[in-house]
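Read through the structure below, which is laid out as structure tokens, and then see the notes.
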Amino acid sequence: MRTVITISGLIFIFLLLMVPAKAHSTKVLAKIDLSEQTMHIFVNGKVRHSWSVSTARKGYRTPVGSFRPTRMHKRYFSRKYNGAPMPYSVFFYKGYAIHGTDAIKRLGAPASHGCVRLHPKNAKRLFSLIQANGPSNAKIVIVK
Numbered sequence: 001m002r003t004v005i006t007i008s009g010l011i012f013i014f015l016l017l018m019v020p021a022k023a024h025s026t027k028v029l030a031k032i033d034l035s036e037q038t039m040h041i042f043v044n045g046k047v048r049h050s051w052s053v054s055t056a057r058k059g060y061r062t063p064v065g066s067f068r069p070t071r072m073h074k075r076y077f078s079r080k081y082n083g084a085p086m087p088y089s090v091f092f093y094k095g096y097a098i099h100g101t102d103a104i105k106r107l108g109a110p111a112s113h114g115c116v117r118l119h120p121k122n123a124k125r126l127f128s129l130i131q132a133n134g135p136s137n138a139k140i141v142i143v144k
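Going by full-length UniProt numbering, the sequence shown opens with residue 1, and the numbers climb by one from there.
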């Protein structure tokens with residue numbers, strides 16, 4: 001018996017081979033509680049990390065809501081606040097970002113101009129987690 005493959009059959013097989021298999025996507029959620037000054041990191045719905053943060057001090061605001069990362073920088077320096085270092089920045093709304101800080105003793109209390117500050121090691125962990133799984137699989141939720 002002879003098998004006949006048509007051109008449309010070849011095109012169909014080619015297209016099947018070219019479409020990548022849908023990979024399991026890991027979902028990353030960073031939930032920041034302004035009243036508690038904490039951040040909880042969820043991976044696929046399970047808490048993986050809980051960290052102290054610093055958010056906006058009196059006279060400033062940290063935006064509340066649900067956001068996606070818009071851009072990320074391992075090394076970044078503030079254009080608005082005298083070139084202040086913002087290592088492992090994950091920007092999520094306009095100029096607001098989650099980033100590392102050298103003001104570690106102030107973590108757990110409001111101290112920033114509106115960004116969410118973390119210990120640099122934790123900022124690196126979050127940055128790496130989002131980078132490895134893709135910003136489209138990450139969400140940042142900030143509550144009062």
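All residues carry an ideal CB built from backbone N, CA and C; glycine is no exception.
- Residue environment: T101 is assigned as buried (16 or more neighbouring CB atoms within 10 Å of its CB, all protein chains considered).
- CA-to-CA, the gap between P63 and L34 works out to about 10 angstroms.
- Contact between R75 and F91 is ruled out by a C-beta separation of about 14 angstroms, above the 8 angstroms threshold.
- In the DSSP assignment, L29 forms a beta bridge with F42 and K139.
- Look at L118 here: in three-state DSSP terms it is strand.
- Beta-bridge annotation (DSSP): M72 is paired with V90.
- Using a Cβ distance threshold of 8 angstroms, V116 and V53 count as a contacting pair.
- Contact check between the segment 104-115 and the segment 126-135: fewer than three CB pairs, one atom from each, fall below 8 angstroms, which does not count as touching.
- Per DSSP, the continuous beta strand (DSSP E) segment holding Y96 begins and ends at Y96 to G100.
- Distance between A84 and F77, taken at the CA atoms: about 5 angstroms.
- One alpha carbon belongs to S50, the other to G134, and they sit about 21 angstroms apart.
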